[in-house]
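>
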Amino acid sequence: IELHICPCAPAPVQLVKWGLFPCSPVHPALAVSLEMLEFMSELFVHLAPNEAAWADMLVKFLARQGHVFKAQDSLHQQFGSALAQYQVLVHIVDAEINKQISVGHHEVLSHDPADWDNIAPEMIVLPKLDESTPITA
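In structure tokens form, the structure reads like this:
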């Protein structure tokens, strides 16, 4: 892919739009597909996490395809960083979704059950949440 970097469209934002996750929030040297990060996250739930062995195997496979990394441990470090950041973001999003569900559940339960048949979805007003609202997982 070709990126045209400018202050209005930083590389990490463009990469995410392409379905890629940058290994660094500033000047990423590597981007990993979101599908691969999800696969690896799920894989490491079922297997002992071993990013180093996985990255070493991938470097050897890619070298046979003609793609060589400049530094010996480059892929392992960059992939490990991207995977860790991705997993943190997934956790934050899951926590925010659970918080919104909890707030909605509380709002619905605050109405008299006898009136539930008469409550239209637009009648339920959820409070505005901002950065100061705590996220609980």
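Positions 38 to 174 (my numbering) are the ones given, in order, by the sequence shown. Ideal placement from N, C-alpha and C gives every residue a C-beta, glycine not left out. The model shown is predicted, which means the values in this text are computed figures rather than measured ones.
(1) Note down, in chain order, each residue of its chain lying with its Cβ closer than 8 Å to the Cβ of Ala48, except the 5 sequence neighbours on either side.
(2) Taking 8 Å as the cut-off, does the region 110-121 touch the region 85-96 (at least 3 CB pairs, one atom from each stretch)?
(3) Using C-beta distances below 8 Å, list every residue in its chain close to Ser78, excluding the 5 sequence neighbours before and after it, in chain order.
(4) Is the CB-CB distance between Ala46 and Leu57 below 8 Å?
(5) By the 10 Å Cβ neighbour count, where 16 or more other Cβ atoms means buried, how is His113 classified, buried or exposed?
(6) Rounded to a whole number of angstroms, what is the C-alpha to C-alpha distance between Leu52 and Ile138?
(7) So what does DSSP say about Val63, is it helix, strand or coil?
The answer reads as follows:
(1) Residue numbering aside, residue 48 sits at position 11 when the sequence shown is read from its first letter. Leu40, Ile42, Pro59, His64 and Pro65.
(2) yes
(3) In the sequence shown, residue 78 corresponds to position 41, counting from 1. Within the same chain, Ser78 has close Cβ partners Leu120, Tyr123, Gln124 and Val127.
(4) Numbered from its first residue, the sequence shown carries residue 46 at position 9. Numbered from its first residue, the sequence shown carries residue 57 at position 20. No, these two residues do not count as a Cβ contact at 8 Å.
(5) Here residue 113 refers to the residue found at position 76 of the sequence shown. When all chains shown are included, His113 counts as buried.
(6) The residue given as residue 52 occupies position 15 in the sequence shown. The residue given as residue 138 occupies position 101 in the sequence shown. Roughly 30 Å separates the two Cα atoms.
(7) Taking the first residue of the sequence shown as 1, we reach residue 63 at position 26. In the structure shown, Val63 sits in coil (DSSP, three-state: anything other than H, G, I, E or B).
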